[in-house]
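Below you'll find the structure, written out as structure tokens, and then a few comments.
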Amino acid sequence: MKIVKQFTVKDDLTEEEVQSGLRSAIKDGLTSQAMTTLTSGVFLVAFALKLGASNMVIGVLAAVPFLAQLIQIPSIYLVEKYRIRRAICVYSIALSRIFWLVIALIPFLFSIETGLIVLIIALFLHSALGGVGGCGWNSWMRDLVPHDRLGSFFSKRMSLAAIVGSILSLAAAFYIDRWKNIFPEYELYGYSALFFFGFLAGMLGVYFVSTIPEPSMAKLEKRQKFLNLISQPFKDVNFRNLIMSLGPWNFAVNLATPFFIVYMLKSLELSMSFIITLTVLSQITNLAFLRIWGRYSDRFSNKSVLTICGSLFMLCVLAWTFTTMPGKYILTIPLLITIHVFMGISTAGVALTSGNIGFKLAPKGQATAYLSSLGIVNSLSAGTAPILGGIFADFFTERQLSWTLSWKSPGNELLFQTLDLQSWEFFFFFAFLIGLYAIYRLTKVEEPGEVEEKVIIYEFIYDTGRLAKNIHSRISKLQSQFALLAVINSRKRLK
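Just so you know, the sequence shown maps onto residues 759 to 1253 in my numbering.
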């Protein structure tokens, strides 16, 4: 009864309560982004490599957060039985984030070999408990956020989170490089500090989650059996098409993206600071276009935006295969910069609409089962891909596929290297092909308000041009102001 009193639900929330809840959800988004920035990505991979992680282990680490989400299957029962999503979220997320404290203490308490095992176990428990909270969170947000503001709200939340992530990731990267220079023999302890501050940010996020009001779940006419509940989304033809699209999509993305960092660290031998700079560049472009995609998803449809952004993202994945020919060459760095810019543009739309389309197509009163079923399939797909990548990484390291065009003349012969796949580049190419299939499956989904993609492309070109003009005009104004200040200062010196 204590839990019930502390986390009461209301049949109807006032507009003031809704707005207060949305503000708290944004604050949680900022603190959660801070935690994610400091505890994942390049920092987690580099930490694991220092503990002696193999390609297989890197694949397992990338898969663990997704496979642990399968805990959502019993979580559906938990949410439907007790119907107090805020309590479930707060307790499960708090327990989940404690494990970042355990990971931060690995260099102090364990040997290198034992530390790697503890890292995998702690990351699994963190992800599994987080999955329990995620099940209730999705259903909760679906009922809290007004449907006509889904795109604008989540784009704002993601935009602010991207700003926090960009600033923190740059600061953390320069800190790690500086730490390595000063204390090369204690490099692991530098990562421990990052994970500890990530833990603190995560626990602050738990507080913000506890302040979000919860509307009561829609009352069911009759209780359904658990198996019928989780099978219902697969009987809905339109939602099944969505599952059959996002499942392969998540497999494709996670066959490639977990190994981008390993590829840049090992194959291209780039520094941590440069890799983070590329990441921040991607986040900046992501931030610039989040509002645009959010407005389009509200005005047109999530499906139309997702189709365009998904296609662009897969072209970026394919472009990774051209960053070596077969080694680093003059276009490697410019190509990496271009890839990260367009990946930022495309992931802004993909991240926003791939979640919102599930919210929109899930029937009211059945959101928990629908969204959790979608999450289960996505988790299986996303978790399987990096494990397969890790298993076959060594196999493809010893293989190479090249395609060279030659031009022969009586006195000369010209060779053009058009394709050269080796090591991780095979996964990038396979991911591109699977991603194209996922986009094809997306065309089978029906969403109210969808328009032809060319309409959005025309709007996008117009808005991009207007954005470029605004940036150019602001730069021109700054240049004029600096020139005026220079003239004034020069006159003062003459006097």
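C-beta: ideal position from N, C-alpha, C; glycine also.
Whole-angstrom distance between residue j and residue i, CA atom to CA atom
i	j	result
Asn999	Lys1122	19 Å
Asp906	Met916	17 Å
Ile988	Leu887	20 Å
Arg1049	Leu1138	30 Å
Ile934	Met793	16 Å
Phe1018	Phe1188	14 Å
Gly1148	Glu1156	14 Å
Ile925	Gly873	29 Å
Ala1109	Thr1015	14 Å
Ile1091	Ser927	20 Å
Leu1179	Leu1039	26 Å
Ile870	Gly810	7 Å
Phe853	Phe954	Here residue 853 turns out to be Leu, not Phe, going by the sequence shown. Computed Cα separation, rounded: 15 Å.
Tyr1054	Leu802	35 Å
Lys1166	Leu1172	6 Å
Ile846	Leu780	19 Å
Asp769	Leu1119	22 Å
Pro942	Gly948	10 Å
Phe840	Ala1046	Just to set this straight, residue 840 is Tyr in the shown sequence, not Phe. Cα-Cα distance, rounded: 41 Å.
Ile921	Tyr835	37 Å
Lys993	Trp895	24 Å
Val822	Gly1133	14 Å
Ala930	Lys938	12 Å
Val1203	Ala1125	18 Å
Glu773	Gly889	29 Å
Ile1097	Ser1181	19 Å
Thr1162	Thr1081	16 Å
Sub-8 Å separation of residue i and residue j beta-carbons
i	j	result
Asp1056	Gly909	yes
Val776	Leu902	yes
Gly923	Gln1041	yes
Glu1205	Ser1059	yes
Leu796	Leu952	yes
Ile1197	Thr1079	no
Leu1076	Phe1186	yes
Ser1031	Phe932	yes
Lys1061	Leu1200	yes
Phe997	Tyr1128	yes
Gly787	Trp858	no
Tyr1136	Phe912	In the sequence as displayed, the identity of residue 1136 is Asn instead of Tyr. Against a cut-off of 8 Å, the Cβ pair of Phe912 and Asn1136 comes out as no contact.
Phe742	Val876	Limits of the chain in this structure are 759 at one end and 1253 at the other, which puts residue 742 out of reach.
Ser782	Thr969	yes
Ile1095	Val800	no
Ile831	Gly891	no
Lys1086	Leu1026	yes
Rounded Cβ spacing between residue i and residue j (contact assumed at less than 8 Å)
i	j	result
Thr1043	Ile1103	5 Å
Ser974	Cys893	Their Cβ separation, rounded to whole angstroms, is 17 Å, which puts Ser974 and Cys893 out of contact at 8 Å.
Lys808	Leu946	6 Å
Trp1051	Cys1067	7 Å
Gly1107	Val1063	5 Å
Phe1009	Ala880	Contact flag wrong, Cβ pair sits at about 26 Å.
Val964	Arg855	7 Å
Ala1256	Val815	Here the chain has residues from 759 to 1253 only, and residue 1256 is not among them.
Ala1151	Phe824	At roughly 18 Å, the Cβ-Cβ gap does not stay under 8 Å, so Ala1151 and Phe824 are not in contact.
Ile878	Leu819	7 Å
Arg900	Phe1117	5 Å
Ser771	Pro971	The residue asked about is misnamed: residue 771 is Leu in this sequence, not Ser. Sure, about 6 Å apart at Cβ, within 8 Å.
Buried or exposed by the 16-neighbour rule on C-beta atoms within 10 Å, applied to residue i
i	result
Val995	exposed
Leu936	Here residue 936 is Arg; the residue named in the question, Leu, does not match the sequence. Classification for Arg936: exposed.
Arg843	buried
Ser1029	exposed
Tyr1021	buried
Asn813	buried
Glu1183	buried
Thr789	buried
Phe1071	buried
Thr1105	buried
Phe866	exposed
Segment limits, beta strand (DSSP E) that includes residue i
i	result
Trp1161	Gln1158 to Ser1167
Range of the contiguous alpha helix (DSSP H) that encloses residue i
i	result
Leu1026	First-last for Leu1026: undefined, no H or E at that position.
Lys808	Gly799 to Lys808
Gly1116	Thr1090 to Leu1119
Glu871	Ile870 to Leu902
Leu771	Here Leu771 belongs to no alpha helix (DSSP H), and DSSP marks it neither H nor E.
Lys1061	Asn1060 to Ala1077
Ile851	Arg843 to Ala862
Asp994	Segment: none, Asp994 is in no alpha helix (DSSP H) and carries neither H nor E.
Tyr947	Glu945 to Ser968
Ser917	Leu908 to Ile940
Phe1188	Trp1182 to Leu1200
Gly817	Asn813 to Leu825
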